[in-house]
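Number of protein chains: 2
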Amino acid sequence: MPQQHRAKLTRRAILVGAAEEFDVIGYDAATLSSILRRCGITKGAFYFHFADKEAVAEALARQYLRNLAEMRKQWFGRGLDPLSTLVGLTGEAARRVERDVVLRSGLLLACQRIGAESGDGWDEVFDELVRKAAEAGQLRPGVDPAEAARVLYAALVGAHAVGDDPVGLADRFAEVWRVVLAGVAGEGWGADAEPTG
Amino acid sequence: MPQQHRAKLTRRAILVGAAEEFDVIGYDAATLSSILRRCGITKGAFYFHFADKEAVAEALARQYLRNLAEMRKQWFGRGLDPLSTLVGLTGEAARRVERDVVLRSGLLLACQRIGAESGDGWDEVFDELVRKAAEAGQLRPGVDPAEAARVLYAALVGAHAVGDDPVGLADRFAEVWRVVLAGVAGEGWGADAEPTG
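Read top to bottom, the protein sequences are chains A and B.
The numbering of the first sequence is UniProt numbering, which starts it at 1 and goes up by one.
The numbering of the second sequence is UniProt numbering, which starts it at 1 and goes up by one.
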């Protein structure tokens, strides 16, 4: 096996092992030793690739951000209407995060602002696409696009946060879309936030 | 000052100091020394009331849960319709959490399952009230109450999580109610979670 190829495999093994460790016990609780134990890599081999635990975390977050940018580019390039683009993009992101521990871990690290100082930019994607949806006449009359974008974003953040399990994330996202986009209250009940009785 | 009264004040000072410390730097980062420094209490006086940092955290979480149970009882007793009860109860909880660091800290600790093994029970409140709303004919035809309850709960959890600042929590909750209860999508756009273009 050429040395360069072996180095690549080792680097990948460290990333997967660290991602699994962060995923199971959390970034703060994970130690360099627990990561090395999990991936079966010596300290020497580790230090050839990374300076410390923080450096692996940053690499995981960067990989997630690159992956996200790629997905975003693909979905924006498909020529779908703005709401379909948003539903499709978030759905694919959820399915990828469900099955890939490296992305799942990168997402959690980016949420904790590790390796991604300004967050992962999802709030801006929501804002852009919901504004475009308003321009395209996709929203109910009277809906404020900036407000709707913030609420849709919050609903998906919450759907991610309340799940004990990454399996089912795409299903939870689909629930959010069904309920929020269709609306919950019947015509008879005012949408005002003040109790009326 | 009678000794019992002084002891009560000291206990209160410890709770407020610990709540502020957890609120600012987080439960994990807070130490017994940093808490003592903040409330200006000696170690001896602290140990008269609590065994350790964990014990203060448990007391804070219990105080939040008691407060929540009281609010819940009041709102359920007002004879409002179920959706108004839910909007009113969550709104009051948000306003209290905004202005009271002891409750804010207790909420965060309960979310981390510190002093509240089974969570704070908000998900069950949502489930109960949205089912009652369905029975009372308050939901749009075709809306699944259990699903709507999960999504509304997730949206408020998300609105709590995305805010950098506890100020504005009640406003963010009001946004969620406005958008989710009124519905976002226009009649022309299918609420299906699959892109159609």
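Glycine included, each C-beta is placed from N, C-alpha and C at the ideal position.
Is V151/A closer than 8 Å to A155/B when the C-beta atoms are compared? Here the question's residue 155/B lines up with position 155 in the second sequence. Here the question's residue 151/A lines up with position 151 in the first sequence. Contact flag set, yes.
Please list, in chain order, all residues of the same chain as G163/B whose beta carbon is under 8 Å from its beta carbon, the five residues on each side excluded. Locating residue 163/B in the second sequence gives position 163, counting from the first residue. Answer for G163/B: L169, R172, listed in chain order.
With burial defined as no fewer than 16 other Cβ atoms inside 10 Å of the residue's Cβ, what is the status of K43/A: buried or exposed? Taking the first residue of the first sequence as position 1, residue 43/A is located at position 43. It is exposed - the Cβ of K43/A has fewer than 16 other Cβ atoms within 10 Å.
Quick one: using the 10 Å Cβ neighbour count with 16 as the cut-off for buried, is P145/A buried or exposed? On the first sequence, position 145 is the one that residue 145/A refers to. Classification for P145/A: buried.
When you compare each of P2/A, A18/A, A55/A to V102/A by their alpha carbons, which one comes out closest? Sequence index remark: in the first sequence, residue 102/A carries index 102 (1-based). It is A18/A whose Cα lies nearest to the Cα of V102/A.
CB contact check: G158/A to chain B, cutoff 8 Å: In the first sequence, counting from the first residue as 1, residue 158/A sits at position 158. Chain B contact via Cβ: present.
G197/B: buried (16+ other C-beta within 10 angstroms of its C-beta) or exposed? By one-based count along the second sequence, residue 197/B stands at place 197. Because the pLDDT of G197/B is 32, which lies under 50, any placement of that residue in the model is unreliable, and the number read from its coordinates should be weighed accordingly. Exposed, by the Cβ-count rule.
Nearest chain A C-beta to D28/B closer than 8 Å, yes or no? Translated into positions along the second sequence, residue 28/B becomes position 28. Chain A contact via Cβ: present.
To the nearest angstrom, report how far apart F48/B and I41/B are at their CA atoms. Within the second sequence, the letter at position 48 stands for residue 48/B. Within the second sequence, the letter at position 41 stands for residue 41/B. Their Cα atoms are separated by approximately 11 Å.
Secondary structure at P80/B, three-state DSSP: helix, strand or coil? Counted from its first residue, the second sequence places residue 80/B at position 80. Looking at the sequence provided, one finds Leu at residue 80/B rather than Pro. Three-state DSSP puts L80/B in coil, outside helix and strand.
Report the residue from W122/B, S34/B, A29/B, Q4/B whose alpha carbon sits nearest the alpha carbon of I14/B. For the purposes of this step, residue 14/B is taken as the residue at position 14 of the second sequence. Looking at the Cα atoms, S34/B is the closest of the given residues.
One question on the structure: do E58/A and G121/A come within less than 8 Å of each other, judged by their Cβ atoms? Here residue 58/A corresponds to residue number 58 of the first sequence, with the count starting at 1. Here residue 121/A corresponds to residue number 121 of the first sequence, with the count starting at 1. No. Outside cutoff.
Starting from D127/B and walking both ways along the alpha helix (DSSP H), at which residues does that stretch end? By 1-based counting over the second sequence, the position of residue 127/B is 127. Unbroken alpha helix (DSSP H) run through D127/B: 122 to 135.
Near-chain A residues of the segment 128 to 146 of chain B - C-beta to any C-beta below 7 Å: G137, Q138, L139, R140, V143
Distance between Y27/A and D28/B (C-alpha atoms, nearest Å): Numbered from 1 along the second sequence, position 28 holds the residue referred to as residue 28/B. Numbered from 1 along the first sequence, position 27 holds the residue referred to as residue 27/A. One C-alpha to the other measures close to 13 Å.
Tell me which residues share the same chain as F76/B and place their Cβ nearer than 7 Å to its Cβ, disregarding the 5 neighbours each side in the sequence. On the second sequence, residue 76/B is found 76 positions in, with the first residue counted as 1. The answer, listed in chain order, is T85.
Would you verify that the beta carbon of R150/B is, or is not, closer than 8 Å to some beta carbon of chain A? In the second sequence, counting from the first residue as 1, residue 150/B sits at position 150. It does; some Cβ of chain A falls within 8 Å.
Which residue comes first and which comes last in the alpha helix (DSSP H) that contains S118/B? On the second sequence, position 118 is the one that residue 118/B refers to. Neither: S118/B is in no alpha helix (DSSP H) and is coded neither H nor E.
Tell me, please, whether the CB atom of E175/B is closer than 8 Å to any CB atom in chain A? If you number the second sequence from 1, residue 175/B lands on position 175. Chain A, which has a Cβ nearer than 8 Å to the Cβ of E175/B, makes this yes.
Which value, in whole angstroms, describes the spacing of the CA atoms of P195/A and A159/B? For the purposes of this step, residue 195/A is taken as the residue at position 195 of the first sequence. For the purposes of this step, residue 159/B is taken as the residue at position 159 of the second sequence. Only weak support is given to the placement of P195/A: the predicted model assigns it a pLDDT of 33, under 50, and the value that follows is read from those uncertain coordinates. In a straight line, the C-alpha of P195/A is about 20 Å away from that of A159/B.
Determine whether the beta carbon atoms of G106/B and Q63/B lie at a separation below 8 Å. Within the second sequence, residue 106/B is the residue found at index 106, counting from 1. Within the second sequence, residue 63/B is the residue found at index 63, counting from 1. Cβ atoms of G106/B and Q63/B: closer than 8 Å.
Confirm, please, whether the CB-CB distance from P82/B to K8/B is below 8 Å. Your numbering for residue 8/B matches position 8 in the second sequence. Your numbering for residue 82/B matches position 82 in the second sequence. In this structure, P82/B does not lie closer than 8 Å to K8/B by Cβ.
Chain-order list of residues whose beta-carbon lies under 8 Å from that of L60/A (same chain, five-residue window excluded): Within the first sequence, residue 60/A is the residue found at index 60, counting from 1. Excluding residues within five positions, the ones whose Cβ falls inside 8 Å are L15, A18, A19, F22, V102, S105, G106, L109, G115.
V125/B versus A69/B - alpha carbon distance: Locating residue 125/B in the second sequence gives position 125, counting from the first residue. Locating residue 69/B in the second sequence gives position 69, counting from the first residue. Distance between the alpha carbons of V125/B and A69/B: 11 Å.
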